[in-house]
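In my numbering, the protein residues as written are 379 to 507.
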Amino acid sequence: MKTAVKALLLALPLALLAPLAQANTSAEGRWRQIDPDTNRAKSIVEIRRTSAGALNGRIVELINPSTANPVCDKCSDDRKGQPITGMEIIRGMRADGAGKWKGGKILKPDEGKVYNSKMALIEGGRKLE
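This is the structure:
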């Protein structure tokens, strides 16, 4: 229970993604990551389907980063020391019904931590939670 609550709370920075396009039936595409504290866009995340059918997502643009060309110095996996722009932060999301995905992992680069995650389209596909 504690792990599930912790994962949910720490995934919140990626919880409210606003799409760059109109209503979707798929999470594929480019999404603005909204900071829940400031309600401002932090980055653009592009989600694509892999050849195995899973969804992965990478940061394609940082909006107003605190430093130029930041790297993930807190990461402990293959992303350690890698530039955050271009970094894959969502891995292995599998379909779990219409407009829902689960079983994936999400990286929070500012913490360097990886969490179990799930995603769902809301508001007619205009937002990804």
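Cβ atoms here follow ideal geometry from the backbone N, Cα and C, with glycine treated the same way.
Query                                                                                                                                                                                        : Result
Taking Cβ positions, are residue 469 and residue 483 nearer each other than 8 Å?                                                                                                             : yes
Going by beta carbon distance, what residues of the same chain come within less than 6 Å of residue 438, once the five residues before and after it are set aside?                           : 422 and 424
Buried or exposed for residue 505, going by 16 or more other Cβ atoms inside 10 Å?                                                                                                           : buried
Give every residue of the same chain whose Cβ lies closer than 6 Å to the Cβ of residue 485, excluding the five residues on either side of it in the sequence, and list them in chain order. : 467 and 492
Taking residue 495 as part of the beta strand (DSSP E), name the residues at either end of that continuous run.                                                                              : 491-500
Using a 10 Å radius around the Cβ and a threshold of 16 neighbouring Cβ atoms, would you call residue 487 buried or exposed?                                                                 : buried
Exposed or buried, residue 431, counting other C-beta atoms within 10 Å across all chains shown (16 or more means buried)?                                                                   : exposed
Rounded to whole angstroms, what's the CA-CA distance from residue 489 to residue 434? Just pull it up for me.                                                                               : 19 Å
With distances taken Cα to Cα, identify the nearest neighbour of residue 441 among 462, 450 and 452.                                                                                         : 462
In this structure, does DSSP put residue 477 in helix, strand or coil?                                                                                                                       : coil
For residue 477 and residue 503, what's the separation of their Cα atoms in angstroms?                                                                                                       : 8 Å
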